[in-house]
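Engineer: Residue numbers (the working numbering): 33 to 344. Questions regarding the structure given below will be posed in turn.
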């Protein structure tokens with residue numbers, strides 16, 4: 033079973049603020065988006081500006097301002113002057129004071145969250161609000177739609193991923209159960225071999241699960257350097273195989289105390305053990321024959337071949 037690959041393409045990007053915000057003088061959390069000297073607005077938007085009681089902050093708009101409502105007139109006084117709004121923080125304003133201004137200028141409606149700057153360098157003496165052009169509006173809408181589609185695809189992928197995991201688990205459990213009913217039988221082997229570097233491989237036993245055979249083996253490293261298990265092969269003793277040839281060896285799982293390294297099945301440190309299991313392909317076809325299990329490092333170095341394996 034394969035899992036579907038879902039690709040989401042984002043079509044464009046644009047700077048836009050949407051929605052409105054309300055706040056009052058309290059410990060409320062202000063939006064993270066700060067104002068900049070020029071703020072682009074489609075019709076509605078919100079941003080966060082820091083003020084200082086030693087300065088006024090002037091807000092400029094492309095249309096005449098018809099309304100400027102402060103959430104706290106004591107700390108944040110707002111005055112309309114044609115197409116601008118002048119914000120005067122109170123001299124005795126608290127350092128943690130928060131508030132907001134709700135301003136209407138033509139079709140533009142802006143909510144500005146206000147806080148007290150920790151340093152004068154954080155204060156913007158003036159902010160220019162400009163309406164988005166048609167192209168900018170288009171880009172902003174495309175970006176918003178692309179983000180919406182991206183989130184929809186992401187949610188669908190996550191949902192399908194969960195379903196697939198459940199399906200795979202159910203099918204794997206069912207398959208194992210069916211094979212165990214066909215045949216579940218241990219195979220006594222207990223064969224051992226070592227190489228000139230004193231790396232010892234022992235094939236302890238086999239297990240039939242249905243028509244599939246799994247061989248369990250251990251690797252003991254008595255050499256002076258770590259043994260990096262890279263290849264495991266299973267083949268007939270009479271066959272002449274390349275050192276890295278897997279033969280009938282299928283999936284291999286290996287476990288040791290050393291961290292897993294990319295490209296290796298596992299690493300056995302000096303004077304330590306590792307253990308593994310290998311699936312034997314077409315094991316029934318090899319029944320009654322003398323077989324060999326070979327373990328080696330990269331490029332077939334320091335191989336250990338355990339011969340005389342047989343099963344029925």
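Quick reminder that beta carbons are idealized off the backbone N, C-alpha and C, glycines included.
(1) Note the first and the last residue of the continuous alpha helix (DSSP H) segment covering residue 257.
(2) What separation, rounded to the nearest whole angstrom, lies between the Cα atoms of residue 136 and residue 174?
(3) Can you tell me the Cβ-Cβ gap for residue 311 and residue 283, rounded? I've got them flagged as a contact below 8 Å.
(4) Which one or two residues does DSSP pair with residue 308 in a beta bridge?
(5) On the three-state DSSP scale, how would you describe residue 189?
(6) For the beta strand (DSSP E) holding residue 217, just list the boundary residues, first then last.
(7) Excluding the five sequence neighbours on either side, which residues of its own chain have a C-beta within less than 6 Å of the C-beta of residue 305, listed in chain order?
(8) Going by C-alpha distance, which of 161, 152, 150 is nearest residue 69?
(9) In terms of alpha-carbon separation, which member of 164, 211, 290, 221 lies closest to residue 234?
(10) Is it buried or exposed for residue 215, if we count other Cβ within 10 angstroms and need 16 for buried?
(11) Between the alpha carbons of residue 320 and residue 232, how many angstroms are there, rounded?
(12) Whose CA, out of 314, 129, 126, 107, lies closest to the CA of residue 119?
(13) I'd like to know whether the C-beta atoms of residue 322 and residue 342 end up nearer to each other than 8 Å.
(14) Using only CA atoms, which one of 203, 165, 188, 90 lies nearest to residue 155?
(15) Should the segment 293 to 305 be called in touch with the segment 190 to 203, which here means at least 3 C-beta pairs below 8 Å?
(16) Please report the residue range of the beta strand (DSSP E) in which residue 240 lies.
(17) Tell me whether residue 96 is buried or exposed, calling it buried when 16 or more other Cβ atoms sit within 10 Å of its Cβ.
(18) Going by DSSP, which residues form a beta bridge with residue 263?
(19) Let me confirm a value: residue 82 is counted as buried when at least 16 other C-beta atoms fall within 10 Å, else exposed. Which label applies?
(20) Among 307, 294, 268, which residue has its Cα nearest to the Cα of residue 287?
(21) Do you know how far the Cα of residue 340 is from the Cα of residue 296?
(22) Apart from the five residues on each side of it in sequence, which residues of its chain come closer than 6 Å, Cβ to Cβ, to residue 98?
Structural biologist: The answer reads as follows:
(1) It is not in any alpha helix (DSSP H) - residue 257 carries neither H nor E in the DSSP assignment.
(2) 26 Å
(3) Right, their Cβ atoms sit about 5 Å apart.
(4) 249, 286
(5) Look at residue 189 here: in three-state DSSP terms it is helix.
(6) 216 to 226
(7) So the list reads 250, 252, once near-sequence residues are dropped.
(8) Checked all of 161, 152, 150; the closest Cα to residue 69 is 161.
(9) Considering only 164, 211, 290, 221, the residue with the shortest C-alpha distance to residue 234 is 221.
(10) exposed
(11) 25 Å
(12) 107
(13) yes
(14) 90
(15) No: fewer than three Cβ pairs fall under 8 Å.
(16) Residues 231 to 241.
(17) exposed
(18) 328
(19) buried
(20) 307
(21) 27 Å
(22) 136
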